[in-house]
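Note that the UniProt record's numbering numbers the sequence shown so that position 109 is 109, with each residue one more than the last.
No residue lacks a Cβ here, since even glycine has one placed at the ideal position from N, Cα and C.
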Amino acid sequence: MFVFSGESGAGKTVAAKYIMGYISKVSGGGAKVQHVKEIILQSNPLLEAFGNAKTVRNNNSSRFGKYFEIQFSRGGEPDGGKISNFLLEKSRVVNQNENERSFHIFYQLIDGCTPQQKEDLGIMTPDYYYYLNQSGTYKVDGTNDSKDFQETMVHIFFIFFKLSCQIMCLLSNTLRTVQLCIDIFYPAFNPVLAFPAYLLGIDQNRLQEKLTSRKMDSKWGGKSETIDVTLNREQANYTRDALSKALYARLFDYLVEAINKAMQKPIEELSVGVLDIYGFEIFQRNGFEQFCINFVNEKLQQIFIELTLKAEQEEYVQEGIKWTPIEYFNNKIVCDLIENKLNPPGIMSVLDDVCATMHAKGDGADMTLLQKLQAAVGTHEHFNNWNSGFVIHHYAGKVSYDICGFCERNRDVLFPDLIELMQSSQFDFIRSLFPENLNTDKKGRPTTASSKIKRQANELVSTLMKCTPHYIRCIKPNETKRPKDWEESRAKHQVEYLGLRENIRVRRAGFAYRRIFQKFLQRYAIITAETWPCWRGAEQQGVLHLLRSVNMDTDQYQMGRTKVFIKNPESLFLLEEMRERKFDTFARTIQKAWRKYIARRKYEQMREEASDILYNFKERRRNSINRNFVGDYLGMEERPELRQFMAKRERVDFADSVNKFDRRFKSIKRDLILSPKSIYLIGREAIKKGPEKGQIKEVLKRKLDIGSVRSISLSTRQDDFFILHENEYDSLLESTFKTEFLSLLCKRYEEQTRSKLSLSFSDRLEFRVKKEGWGGGGMRVVVFQTGQTDLAVIKPGGKTLTISIGDGLPKTSRGHQNGAAQFARAGAQQHHQPQQQREATYSTPMKNPPPSNALPKLGSQKNPRGSRLAQNQSTNLDFLNVPDQGMSGSINQRPPPAPSSRPKPQPRPQGPRCRALYQYFGQDVDEISFDVNDIIDLINEDQSGWWRGRIHGKEGLFPGNYVEKI
Numbered sequence: 001m002f003v004f005s006g007e008s009g010a011g012k013t014v015a016a017k018y019i020m021g022y023i024s025k026v027s028g029g030g031a032k033v034q035h036v037k038e039i040i041l042q043s044n045p046l047l048e049a050f051g052n053a054k055t056v057r058n059n060n061s062s063r064f065g066k067y068f069e070i071q072f073s074r075g076g077e078p079d080g081g082k083i084s085n086f087l088l089e090k091s092r093v094v095n096q097n098e099n100e101r102s103f104h105i106f107y108q109l110i111d112g113c114t115p116q117q118k119e120d121l122g123i124m125t126p127d128y129y130y131y132l133n134q135s136g137t138y139k140v141d142g143t144n145d146s147k148d149f150q151e152t153m154v155h156i157f158f159i160f161f162k163l164s165c166q167i168m169c170l171l172s173n174t175l176r177t178v179q180l181c182i183d184i185f186y187p188a189f190n191p192v193l194a195f196p197a198y199l200l201g202i203d204q205n206r207l208q209e210k211l212t213s214r215k216m217d218s219k220w221g222g223k224s225e226t227i228d229v230t231l232n233r234e235q236a237n238y239t240r241d242a243l244s245k246a247l248y249a250r251l252f253d254y255l256v257e258a259i260n261k262a263m264q265k266p267i268e269e270l271s272v273g274v275l276d277i278y279g280f281e282i283f284q285r286n287g288f289e290q291f292c293i294n295f296v297n298e299k300l301q302q303i304f305i306e307l308t309l310k311a312e313q314e315e316y317v318q319e320g321i322k323w324t325p326i327e328y329f330n331n332k333i334v335c336d337l338i339e340n341k342l343n344p345p346g347i348m349s350v351l352d353d354v355c356a357t358m359h360a361k362g363d364g365a366d367m368t369l370l371q372k373l374q375a376a377v378g379t380h381e382h383f384n385n386w387n388s389g390f391v392i393h394h395y396a397g398k399v400s401y402d403i404c405g406f407c408e409r410n411r412d413v414l415f416p417d418l419i420e421l422m423q424s425s426q427f428d429f430i431r432s433l434f435p436e437n438l439n440t441d442k443k444g445r446p447t448t449a450s451s452k453i454k455r456q457a458n459e460l461v462s463t464l465m466k467c468t469p470h471y472i473r474c475i476k477p478n479e480t481k482r483p484k485d486w487e488e489s490r491a492k493h494q495v496e497y498l499g500l501r502e503n504i505r506v507r508r509a510g511f512a513y514r515r516i517f518q519k520f521l522q523r524y525a526i527i528t529a530e531t532w533p534c535w536r537g538a539e540q541q542g543v544l545h546l547l548r549s550v551n552m553d554t555d556q557y558q559m560g561r562t563k564v565f566i567k568n569p570e571s572l573f574l575l576e577e578m579r580e581r582k583f584d585t586f587a588r589t590i591q592k593a594w595r596k597y598i599a600r601r602k603y604e605q606m607r608e609e610a611s612d613i614l615y616n617f618k619e620r621r622r623n624s625i626n627r628n629f630v631g632d633y634l635g636m637e638e639r640p641e642l643r644q645f646m647a648k649r650e651r652v653d654f655a656d657s658v659n660k661f662d663r664r665f666k667s668i669k670r671d672l673i674l675s676p677k678s679i680y681l682i683g684r685e686a687i688k689k690g691p692e693k694g695q696i697k698e699v700l701k702r703k704l705d706i707g708s709v710r711s712i713s714l715s716t717r718q719d720d721f722f723i724l725h726e727n728e729y730d731s732l733l734e735s736t737f738k739t740e741f742l743s744l745l746c747k748r749y750e751e752q753t754r755s756k757l758s759l760s761f762s763d764r765l766e767f768r769v770k771k772e773g774w775g776g777g778g779m780r781v782v783v784f785q786t787g788q789t790d791l792a793v794i795k796p797g798g799k800t801l802t803i804s805i806g807d808g809l810p811k812t813s814r815g816h817q818n819g820a821a822q823f824a825r826a827g828a829q830q831h832h833q834p835q836q837q838r839e840a841t842y843s844t845p846m847k848n849p850p851p852s853n854a855l856p857k858l859g860s861q862k863n864p865r866g867s868r869l870a871q872n873q874s875t876n877l878d879f880l881n882v883p884d885q886g887m888s889g890s891i892n893q894r895p896p897p898a899p900s901s902r903p904k905p906q907p908r909p910q911g912p913r914c915r916a917l918y919q920y921f922g923q924d925v926d927e928i929s930f931d932v933n934d935i936i937d938l939i940n941e942d943q944s945g946w947w948r949g950r951i952h953g954k955e956g957l958f959p960g961n962y963v964e965k966i
């Protein structure tokens with residue numbers, strides 16, 4: 001529960017609205033929950049219009065207390081609510097002090113009604129009504145009553161629908177009724193009653209009768225009879241005011257009840273309460289209303305003391321905690337002074353006794369009350385009297401109360417005659433406001449205003465004692481009602497009487513945090529391995545273990561009988577930080593596993609999409625169908641000589657060294673780079689002039705926007721050739737990783753153009769060559785035919801290039817979904833079979849590639865690959881193989897050495913050897929590392945480009961283009 005307290009105008013109502021608005025914003029829910037949230041938000045301005053008024057200290061002062069209970073489901077959704085209203089200042093309807101107004105709704109009704117509505121309801125200007133012109137104040141700075149009326153009507157329509165007209169009639173009648181007092185005893189009085197009777201739907205003659213007389217039951221000699229008593233002027237005025245106050249108060253209760261019905265739920269589960277009640281009031285003239293308001297605030301202050309200051313110190317004693325007691329003022333003595341029944345009787349009890357003995361006239365009743373108070377509580381240390389009233393020493397200071405009007409306002413009696421009159425109305429709405437059963441016998445004294453207030457205050461206290469209260473103290477900075485105006489002395493006084501100093505001193509002298517052992521262990525068990533997931537031992541020892549594990553000083557905590565007490569918040573923050581670190585570690589572990597899963601799923605999806613591009617159109621290579629996709633095979637992060645041609649921070653989707661064929665079908669090495677927007681072809685040329693003459697430098701040969709690509713042409717066989725068609729001229733390329741490149745290109749093309757990239761498959765392909773000089777560009781033809789091996793054999797002839805290649809896997813072949821797992825298992829098996837050939841893939845980009853101007857050509861490798869084909873198929877490791885880059889046909893067998901007649905040299909190590917041209921660091925456990933000029937014993941040359949060798953007693957894989965044979 002949130003309890004707002006502070007002076008009138010300190011901002012309690014606004015703060016309460018913020019909390020209810022926050023709860024409504026952060027909670028979700030379906031249609032029912034949204035409906036409840038709308039009612040919560042719509043009810044606030046509606047109740048403010050009917051329950052707030054301008055006072056001397058606050059232009060929008062709440063003149064009623066409100067306890068708003070927001071009910072939640074088990075899932076934390078607000079699915080119900082209930083409003084309890086306390087202490088409506090209904091006397092404000094008939095009387096206001098100087099520079100004050102009645103309730104906002106009257107002025108909104110007068111200014112906001114249309115001309116037709118004013119005519120129908122008989123609405124005049126504010127100064128016409130006696131109930132409104134007593135104070136002479138009709139306007140409030142910064143308030144537009146006409147605009148506020150339109151907003152109020154929106155809220156009324158939302159909640160009450162068809163009753164808005166009757167509510168307006170009732171409000172108008174409340175203003176009209178007071179005019180009756182002027183001519184109540186004149187012959188022309190009867191016509192004045194016509195319009196109020198019309199608005200209330202009652203008989204005009206009966207209204208006159210009930211306002212000028214009443215029935216009184218008389219008992220004599222065991223018999224009872226009913227007599228009609230004619231009222232004098234003072235009694236008639238009292239009857240008139242009583243009817244007006246009853247109409248308005250019951251209308252307000254009806255609004256609250258209707259709102260509750262709209263939010264009602266059958267079962268109460270969880271709830272959050274918001275108590276917004278008018279604050280402590282000290283005016284220049286303080287009457288009965290201020291006495292009641294300040295009494296309720298005294299009760300709230302008593303609860304604050306009971307639940308915080310007193311309860312906390314008593315808890316230390318019960319738990320055996322050593323600490324320094326703090327003295328504070330316990331205002332129970334002031335509450336007893338006001339509400340005690342006997343020994344001695346309190347002020348309210350004396351007031352009720354005086355009101356019970358009042359007769360027709362109230363003259364002298366107030367002075368009688370003052371005399372009896374002097375006799376009953378005159379010696380009380382918190383009570384003093386003066387000529388026109390009395391003084392009470394409240395917790396907020398001394399308040400002087402003017403005794404005038406106390407008895408009259410406390411009586412609050414509505415005669416049965418008026419109830420009977422209202423029950424005769426032809427309007428169901430009016431009759432529903434007076435549901436009393438007048439046939440039942442009434443015994444005892446009629447209830448008074450003070451007895452009702454005392455009962456409501458005690459009910460409120462009982463509700464508070466069942467909750468866990470959270471106090472929000474509102475400090476009023478000034479009396480000028482202006483922003484950025486600070487009165488230090490006033491703010492300091494409020495801090496003192498609200499008990500904030502004592503509360504802070506208790507907190508400082510005591511312990512900021514306390515928790516029973518079991519809950520403490522449950523929250524912080526995760527900090528240590530001994531306590532997580534379950535501590536096996538005494539709970540107190542588990543708590544001590546946790547405190548010592550974070551090296552908390554012994555003077556920062558004490559162990560009670562059932563709870564642990566921690567002195568400073570910083571010590572608690574240390575525990576929370578250690579707990580958060582543990583959760584952060586676990587969260588990172590979960591996050592890592594989840595990202596790994598997502599990446600694997602995305603990777604498999606990407607491979608599947610790549611396979612779909614060629615599915616049913618092109619044969620697949622045995623050694624590449626299950627190859628892992630890497631993307632950057634050139635290590636672009638460490639290749640500034642290649643990055644210079646790209647935009648700053650441009651992403652690299654794919655990078656690889658490919659073969660490009662010119663118009664004469666001559667193969668030229670190019671670096672193919674794909675970014676989200678462009679395709680780059682980078683070559684190398686020797687510098688012919690200048691100080692760098694003879695050096696090899698990178699040159700941008702071609703740059704294409706992805707959107708300018710018209711189509712891609714491929715054969716239906718297992719080769720690596722494809723043609724990139726563009727508006728100016730085409731490019732014939734060969735890439736081992738064509739499938740990966742095409743999948744990424746298709747994806748980027750679709751993102752840019754919102755259309756699919758055209759792919760064509762045929763064994764006869766045509767492409768346009770670049771126009772050079774005076775010669776035309778012309779067309780070139782590539783023909784594919786069946787060969788004998790998996791290696792492509794090219795044969796240029798004029799303008800036609802013939803490529804022969806053996807049959808590959810069927811066009812409907814797909815890669816294994818668990819290719820990565822198979823790769824891991826196969827790698828583990830090969831550690832136990834060192835003599836068996838191992839087919840590897842590129843798993844990560846090379847961290848230290850050789851200089852770009854001296855890249856070793858893979859075609860210079862002299863090891864035949866065809867002899868290994870049968871063995872590869874027999875070992876069932878096809879999915880590990882990566883086809884060789886470059887032209888087939890450029891690899892030849894090394895001729896055998898010529899015989900020599902020289903004497904045989906000393907025996908050398910068996911097998912060939914090679915010398916390292918570049919430094920290489922092993923990327924995995926099955927790779928070896930070496931420096932420049934290191935000699936490596938060569939065990940096996942594999943067609944994938946990864947060779948197996950031995951150095952420094954360690955055997956492993958290494959890239960073949962980093963070494964040269966010796």
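- Straight through space, the alpha carbons of Cys474 and Asp485 are spaced by roughly 16 Å.
- By the 16-neighbour rule on beta-carbons within 10 angstroms, Tyr128 is exposed.
- Counting only runs of 4 or more residues that sit fully inside the region 612 to 652, the alpha helix (DSSP H) segments are 640 to 643, in chain order.
- Shortest Cα-Cα distance from Ser708 to any of Asn297, Glu692 and Arg748 involves Arg748.
- The continuous stretches of beta strand (DSSP E) do not include Gly279, and DSSP gives it neither H nor E.
- In the DSSP assignment, Gly81 falls outside any alpha helix (DSSP H) and within the unbroken beta strand (DSSP E) covering Pro78 to Phe86.
- By the C-beta density criterion, Met367 is exposed, having fewer than 16 other C-beta atoms within 10 angstroms.
- Below 8 Å, too few C-beta pairs join the region 689 to 706 and the region 591 to 607 to call them touching: fewer than three.
- The alpha-carbon of Ser73 is positioned some 12 Å away from that of Lys32.
- Assigned with DSSP and collapsed to three states, Trp946 falls in strand.
- Take the alpha-carbon of Phe784 and the one of Glu692: they are about 43 Å apart.
- Going by DSSP, Tyr129 is part of no alpha helix (DSSP H) at all; its letter is neither H nor E.
- The beta carbon of Thr239 is closer than 8 Å to those of Lys210, Leu211, Arg214, Leu231, Phe415 and Leu418 in its chain, skipping five residues each way along the sequence.
- Rounded to whole angstroms, the Cβ separation of Asp141 and Gln108 is 16 Å, and the two are not in contact under 8 Å.
- Taking the CA atoms as reference points, Ile936 sits about 11 Å from Gly960.
- Residue burial annotation: Lys322 is exposed, with fewer than 16 other C-beta atoms found within 10 angstroms of its C-beta.
- Measuring C-alpha to C-alpha distances from Ile105 to each of Pro78, Tyr138, Leu87 and Leu744 identifies Tyr138 as the nearest.
- Here His952 is exposed. Its C-beta has fewer than 16 other C-beta atoms within 10 Å.
- Scanning Asn95, Gly21 and Asp934 for the CA closest to the CA of Leu917 turns up Asp934.
- Inter-segment contact for the region 802 to 811 and the region 606 to 626 is present: three or more beta-carbon pairs are separated by less than 8 Å.
- Put simply, of Asp412, Gln301 and Ser224 the residue whose alpha carbon is nearest the alpha carbon of Leu87 is Asp412.
- Between the region 601 to 621 and the region 633 to 645 there are fewer than three C-beta pairs closer than 8 Å, too few to call the two in contact.
- Within the same chain, Cβ atoms closer than 6 Å to the Cβ of Glu927 are found at Gly956 and Leu957, the five residues on either side in sequence being excluded.
- For the pair Phe406 and Leu351, the CB atoms are nearer than the 8 Å cut-off.
- With distances taken between CA atoms, Val769 lies nearest to Gly778 out of Phe761, Asp763, Gly778 and Ser762.
- The criterion of a C-beta distance shorter than 8 Å is not satisfied by Phe737 and Ile803.
- Boundaries around Gly21 are those of the alpha helix (DSSP H), Lys12 to Val26, since no beta strand (DSSP E) includes it.
- Of Cys292, Ala197, Arg649 and Ile679, the smallest CA-CA separation from Ser451 is found for Cys292.
- Under the three-state reduction of DSSP output, Asn44 falls in the helix class.
- Within its own chain, the residues whose Cβ lies closer than 6 Å to the Cβ of Glu339, once the five positions on either side in sequence are excluded, are Gly346, Met348 and Lys454, listed in chain order.
- Cβ contact annotation for Gly320 (same chain, cutoff 8 Å, sequence separation greater than five): Gly560 and Arg561, in chain order.
- For Phe68, the three-state secondary structure derived from DSSP is strand.
- Assigned with DSSP and collapsed to three states, Lys602 falls in helix.
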